[in-house]
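The sequence shown begins at 0 in numbering that gives the first Met the number 0 and counts up one residue at a time. Glycine included, each C-beta is placed from N, C-alpha and C at the ideal position.
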Amino acid sequence: MEQLRSIQSEIDQYSHHIEEGLSLSEITIKYGLNSYRYGSSSFLEALFDPLPMAPQTVFYDLGSGYGNIILYGAVKHPDVQFKGIEILEERNKVCVALIKKEGLTNVTAISGDILKTDISDGNVFYLYNPLYDFQYAELLDKLYRISLHKNIIVIAESSCIFFDEADWLEQYHFKDIDVLRKIKYYRS
């Protein structure tokens, strides 16, 4: 799809320039101790395959970077709501600009901390290693509290061990990308 190629091309153009200009010490002072790694799934079509994407779905990308996942999802699934949370304003601004440029109405980009932002309206949560190990307990507690009111799905790409160990989640799908990267799907 031409629209998706155009979006990805713009993300690549902006991200290269922005990432080179980021200083870990400066962003740590500004935003606090967080994981600022940037990476995005290159398996977007396969990522959505095992998901029930009904119109009432609210899909969160926790640590959304430049918005690759939510922009792709918004174009491919126009009846689903997509929300991305990215702590770095520099990355989030690119996503917001692309949402406006493409006229997408089913996607929102939020600049904020995933541990402090209200995500209780979500029922699908995607993470590509956005936290330090010591922060996952807080995120799991937040997701668990949401799961007490409705069924949720968690998609973990990379740091899956924290979700493997959560007794309130069951793994229902697995995709082995390469030796280091895996995508696991869990449901409450």
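Let's see if you can read the secondary structure: which residues bound the alpha helix (DSSP H) around Q202?
Residue 202 lies beyond the residue range present for the chain, which begins at 0 and ends at 187; the question has no answer from this structure.
Tell me the rounded alpha-carbon separation between F162 and S146.
14 Å
Could you tell me the distance, in whole angstroms, from the CA atom of N105 to the CA atom of M52?
13 Å
Which partner residues of D166 appear in the DSSP bridge assignment?
BP columns for D166 are empty, so no partner.
Identify whether L126 lies in helix, strand or coil by the three-state DSSP scheme.
In this structure, L126 counts as strand in the three-state DSSP scheme.
Go ahead and pull the three-state DSSP assignment for F42.
It is coil, neither helix nor strand.
Select from Y184, D140, G83 the residue whose C-alpha is nearest the C-alpha of S158.
Y184
Just tell me which of E19, I154, K181, G20 has its CA closest to the CA of L61.
I154
Under three-state DSSP, which class holds V79?
If DSSP states are grouped into helix, strand and coil, V79 belongs with coil.
At least three beta-carbon pairs within less than 8 Å, the region 131-146 to the region 81-93:
no
Proximity below 8 Å, CB of G121 to CB of K82:
yes
Taking 7 Å as the cut-off, is the beta-carbon of S187 closer than that to any non-hydrogen atom of the ligand NAP?
Inclusion of the ligand NAP in the displayed structure is not the case, the ligand content being empty and no account of it being possible.
Excluding the 5 residues preceding and the 5 following T202 in the sequence, name in chain order all residues of the same chain whose CB lies nearer than 6 Å to its CB.
Look at the range of the chain in this structure, 0 to 187, and you will see that residue 202 is not part of it.
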